[in-house]
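Numbering-wise (the numbering used here), the sequence shown opens with residue 29 and increments by one.
Glycine included, C-beta positions come from ideal geometry on N, C-alpha and C.
Values in this document were obtained by computation on a predicted structure and should not be read as measured data.
Have a look at the structure below before the remarks.
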Amino acid sequence: MLNLPRRQFLQTLAGLSAGLCWPARAEPSPPGVAFWRLLREGGCVVLMRHAQTVPGVGDPAGFRLGQCSTQRNLSEAGREQARQLGAAFAREGVRVDDVRSSAWCRCTDTADLAFGRHSVWATANSFFQGGERGTQTRDMGRFVRDWQAPRNAVIVTHQVNMTALTGEFPAMGELFLLRPGAEREGRWTVLARHIP
29 MLNLPRRQFL QTLAGLSAGL CWPARAEPSP PGVAFWRLLR EGGCVVLMRH AQTVPGVGDP
89 AGFRLGQCST QRNLSEAGRE QARQLGAAFA REGVRVDDVR SSAWCRCTDT ADLAFGRHSV
149 WATANSFFQG GERGTQTRDM GRFVRDWQAP RNAVIVTHQV NMTALTGEFP AMGELFLLRP
209 GAEREGRWTV LARHIP
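What follows is the structure, encoded as C-alpha coordinates:
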(Lines of atoms letter the chains of each structure in order from A and count residues from 1; the text may use other names and numbers.)
(Lines give C-alpha, C1' and ligand atoms only; values in the text may rest on other atoms or scores of the structure.)
Protein backbone atom coordinates (compact mmCIF):
# COMPACT_ATOMS: atom_id res chain seq x y z
CA MET A 1 0.00 0.00 0.00
CA LEU A 2 1.32 3.43 -0.93
CA ASN A 3 1.80 5.74 1.99
CA LEU A 4 0.91 9.06 0.31
CA PRO A 5 -0.74 12.15 1.76
CA ARG A 6 -4.49 12.08 1.01
CA ARG A 7 -4.39 14.92 -1.56
CA GLN A 8 -1.46 13.41 -3.50
CA PHE A 9 -3.16 9.98 -3.40
CA LEU A 10 -6.38 11.41 -4.86
CA GLN A 11 -4.45 13.25 -7.60
CA THR A 12 -2.59 10.06 -8.49
CA LEU A 13 -5.82 8.06 -8.55
CA ALA A 14 -7.56 10.67 -10.72
CA GLY A 15 -4.65 10.66 -13.17
CA LEU A 16 -4.62 6.88 -13.42
CA SER A 17 -8.38 6.62 -13.84
CA ALA A 18 -8.23 9.15 -16.67
CA GLY A 19 -5.64 7.00 -18.43
CA LEU A 20 -2.89 9.55 -17.93
CA CYS A 21 0.73 8.74 -17.18
CA TRP A 22 3.20 10.63 -15.12
CA PRO A 23 5.40 12.73 -17.40
CA ALA A 24 8.86 11.34 -17.93
CA ARG A 25 11.63 13.34 -16.32
CA ALA A 26 13.53 15.37 -18.87
CA GLU A 27 17.14 14.28 -19.11
CA PRO A 28 19.61 17.15 -19.10
CA SER A 29 21.56 17.70 -22.29
CA PRO A 30 25.10 16.32 -22.21
CA PRO A 31 27.71 18.96 -21.35
CA GLY A 32 28.74 21.06 -24.32
CA VAL A 33 25.63 20.45 -26.48
CA ALA A 34 24.50 24.10 -26.42
CA PHE A 35 28.09 25.26 -26.93
CA TRP A 36 28.57 23.25 -30.13
CA ARG A 37 25.06 23.96 -31.42
CA LEU A 38 25.56 27.73 -31.12
CA LEU A 39 28.97 27.53 -32.78
CA ARG A 40 27.56 25.59 -35.71
CA GLU A 41 24.92 28.32 -36.11
CA GLY A 42 27.78 30.85 -36.36
CA GLY A 43 28.21 34.47 -35.38
CA CYS A 44 30.04 33.60 -32.15
CA VAL A 45 33.11 34.96 -30.41
CA VAL A 46 34.76 32.38 -28.16
CA LEU A 47 37.02 33.59 -25.37
CA MET A 48 39.43 30.88 -24.32
CA ARG A 49 41.68 30.94 -21.30
CA HIS A 50 45.03 29.41 -22.25
CA ALA A 51 45.39 25.68 -21.53
CA GLN A 52 46.87 24.19 -18.34
CA THR A 53 50.26 25.59 -17.33
CA VAL A 54 53.07 24.50 -15.07
CA PRO A 55 52.33 25.51 -11.45
CA GLY A 56 52.47 29.18 -10.57
CA VAL A 57 50.64 32.49 -10.70
CA GLY A 58 51.47 35.24 -13.16
CA ASP A 59 55.01 35.17 -14.54
CA PRO A 60 58.49 35.15 -13.00
CA ALA A 61 60.07 38.50 -12.23
CA GLY A 62 61.77 39.94 -15.29
CA PHE A 63 59.77 37.88 -17.79
CA ARG A 64 59.86 39.10 -21.39
CA LEU A 65 57.31 38.73 -24.15
CA GLY A 66 58.80 36.97 -27.13
CA GLN A 67 61.10 34.91 -24.91
CA CYS A 68 59.17 31.86 -23.76
CA SER A 69 61.91 30.64 -21.40
CA THR A 70 61.21 33.65 -19.12
CA GLN A 71 57.45 32.98 -18.84
CA ARG A 72 55.10 30.50 -17.17
CA ASN A 73 54.32 28.07 -19.98
CA LEU A 74 51.99 25.20 -20.83
CA SER A 75 52.48 21.90 -19.07
CA GLU A 76 52.42 18.69 -21.09
CA ALA A 77 48.83 18.20 -19.87
CA GLY A 78 48.01 21.67 -21.20
CA ARG A 79 49.55 20.90 -24.57
CA GLU A 80 47.40 17.78 -24.79
CA GLN A 81 44.33 19.77 -23.66
CA ALA A 82 44.88 22.22 -26.53
CA ARG A 83 45.30 19.39 -29.06
CA GLN A 84 42.08 17.75 -27.81
CA LEU A 85 40.25 21.03 -28.26
CA GLY A 86 41.37 21.27 -31.87
CA ALA A 87 40.21 17.69 -32.45
CA ALA A 88 36.82 18.53 -30.90
CA PHE A 89 36.32 21.51 -33.23
CA ALA A 90 37.12 19.25 -36.20
CA ARG A 91 34.86 16.46 -34.93
CA GLU A 92 31.97 18.88 -34.38
CA GLY A 93 32.42 20.42 -37.84
CA VAL A 94 32.88 23.96 -36.51
CA ARG A 95 34.63 26.47 -38.73
CA VAL A 96 36.80 29.12 -37.08
CA ASP A 97 37.41 32.17 -39.24
CA ASP A 98 39.66 34.24 -36.98
CA VAL A 99 42.05 33.11 -34.22
CA ARG A 100 43.55 35.89 -32.11
CA SER A 101 45.91 35.45 -29.20
CA SER A 102 47.62 37.25 -26.40
CA ALA A 103 51.35 37.60 -27.02
CA TRP A 104 52.16 35.35 -24.02
CA CYS A 105 53.64 32.01 -25.11
CA ARG A 106 51.08 29.98 -23.13
CA CYS A 107 48.38 31.62 -25.28
CA THR A 108 50.11 31.47 -28.66
CA ASP A 109 51.05 27.82 -28.02
CA THR A 110 47.44 27.02 -27.09
CA ALA A 111 46.17 28.66 -30.28
CA ASP A 112 48.71 26.92 -32.50
CA LEU A 113 48.16 23.48 -30.97
CA ALA A 114 44.35 23.80 -31.15
CA PHE A 115 43.85 25.70 -34.41
CA GLY A 116 47.20 25.65 -36.19
CA ARG A 117 47.37 29.43 -36.43
CA HIS A 118 46.94 32.73 -34.63
CA SER A 119 47.52 36.45 -34.95
CA VAL A 120 48.79 38.30 -31.90
CA TRP A 121 46.29 40.90 -30.67
CA ALA A 122 47.50 43.24 -27.92
CA THR A 123 43.93 43.64 -26.63
CA ALA A 124 44.07 39.98 -25.50
CA ASN A 125 47.29 40.51 -23.49
CA SER A 126 47.17 39.99 -19.74
CA PHE A 127 46.86 43.03 -17.51
CA PHE A 128 47.46 40.98 -14.32
CA GLN A 129 50.97 42.42 -13.92
CA GLY A 130 50.36 45.68 -15.80
CA GLY A 131 48.50 46.78 -18.90
CA GLU A 132 45.45 48.82 -19.75
CA ARG A 133 42.51 46.99 -18.15
CA GLY A 134 39.83 49.55 -19.02
CA THR A 135 40.97 50.14 -22.58
CA GLN A 136 41.52 46.45 -23.31
CA THR A 137 38.13 45.45 -21.90
CA ARG A 138 36.34 48.14 -23.92
CA ASP A 139 38.18 47.12 -27.10
CA MET A 140 37.38 43.45 -26.60
CA GLY A 141 33.73 44.30 -25.95
CA ARG A 142 33.66 46.38 -29.14
CA PHE A 143 35.12 43.42 -31.07
CA VAL A 144 32.31 41.14 -29.82
CA ARG A 145 29.65 43.81 -30.46
CA ASP A 146 30.79 44.28 -34.08
CA TRP A 147 31.36 40.61 -34.96
CA GLN A 148 29.40 39.52 -38.03
CA ALA A 149 27.54 36.22 -38.48
CA PRO A 150 27.92 33.58 -39.77
CA ARG A 151 31.66 33.68 -38.99
CA ASN A 152 33.18 32.47 -35.71
CA ALA A 153 36.21 33.88 -33.89
CA VAL A 154 38.37 32.50 -31.07
CA ILE A 155 40.39 34.77 -28.78
CA VAL A 156 42.97 32.95 -26.62
CA THR A 157 43.57 35.12 -23.59
CA HIS A 158 43.84 35.16 -19.79
CA GLN A 159 41.52 34.79 -16.80
CA VAL A 160 41.69 38.49 -15.88
CA ASN A 161 40.57 39.56 -19.35
CA MET A 162 37.67 37.09 -19.46
CA THR A 163 36.50 37.98 -15.95
CA ALA A 164 36.65 41.73 -16.66
CA LEU A 165 34.43 41.27 -19.72
CA THR A 166 31.92 38.75 -18.32
CA GLY A 167 32.14 38.71 -14.53
CA GLU A 168 32.73 34.92 -14.75
CA PHE A 169 35.85 33.03 -13.67
CA PRO A 170 37.20 30.49 -16.21
CA ALA A 171 39.33 27.45 -15.49
CA MET A 172 42.51 27.00 -17.52
CA GLY A 173 41.51 25.81 -20.99
CA GLU A 174 37.85 26.83 -20.54
CA LEU A 175 35.93 28.53 -23.33
CA PHE A 176 33.18 31.17 -23.01
CA LEU A 177 30.82 31.63 -25.95
CA LEU A 178 29.58 35.20 -26.58
CA ARG A 179 27.47 36.76 -29.31
CA PRO A 180 26.68 40.33 -30.32
CA GLY A 181 23.66 41.63 -28.44
CA ALA A 182 24.32 39.65 -25.25
CA GLU A 183 25.62 42.65 -23.31
CA ARG A 184 23.87 43.68 -20.10
CA GLU A 185 24.90 46.68 -18.00
CA GLY A 186 28.47 46.66 -19.26
CA ARG A 187 29.01 42.91 -18.87
CA TRP A 188 28.75 40.23 -21.54
CA THR A 189 26.51 37.24 -20.87
CA VAL A 190 28.24 33.90 -21.36
CA LEU A 191 25.77 31.94 -23.50
CA ALA A 192 27.60 28.62 -23.12
CA ARG A 193 30.79 27.28 -21.57
CA HIS A 194 33.02 24.36 -22.50
CA ILE A 195 36.16 22.81 -21.12
CA PRO A 196 38.05 20.09 -23.02
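Original post:
Under a Cβ-count criterion, where at least 16 other Cβ atoms within 10 Å of its own Cβ denotes burial, should ASP125 be classed as buried or exposed?
Top reply: Here residue 125 is taken as the residue at index 97 of the sequence shown, counted from 1. Exposed.
Subject >> DSSP three-state assignment for THR136, whether helix, strand or coil >> reply: Taking the first residue of the sequence shown as 1, we reach residue 136 at position 108. Reduced to three states, the DSSP call for THR136 is helix.
Original post:
ARG207: buried (16+ other C-beta within 10 angstroms of its C-beta) or exposed?
Top reply: Working through the sequence shown from its first residue, we reach residue 207 at position 179. The residue in question, ARG207, is buried, as its Cβ has 16 or more Cβ neighbours within 10 Å.
Original post:
Any idea if PRO88 is buried or exposed, counting beta-carbon neighbours within 10 angstroms, 16 or more meaning buried?
Top reply: Here the question's residue 88 lines up with position 60 in the sequence shown. Looking at its Cβ environment, which holds fewer than 16 other Cβ atoms inside 10 Å, PRO88 is exposed.
Subject >> Supposed contact pair VAL182 and VAL61 - C-beta distance, whole angstroms, cut 8 Å >> reply: On the sequence shown, position 33 is the one that residue 61 refers to. On the sequence shown, position 154 is the one that residue 182 refers to. Incorrect: roughly 19 Å between the Cβ atoms, too far for contact.
Original post:
For ARG128 versus SER147, is the C-beta spacing smaller than 8 Å?
Top reply: In the sequence shown, residue 128 corresponds to position 100, counting from 1. In the sequence shown, residue 147 corresponds to position 119, counting from 1. It is a contact, given that the beta carbons lie within the stated cut-off.
**OP:** Work out the CA separation of ALA79 and CYS135 for me, nearest whole Å.
**Re:** On the sequence shown, position 107 is the one that residue 135 refers to. On the sequence shown, position 51 is the one that residue 79 refers to. For CYS135 and ALA79, the distance between alpha carbons rounds to 8 Å.
**OP:** Going by CA-CA distance only, name the one from TRP64, GLU69, ARG65 that's closest to ALA177.
**Re:** As a first step, residue 177 must be located in the sequence shown, where it is residue number 149. Of the listed residues, the one whose Cα sits closest to ALA177 is GLU69.
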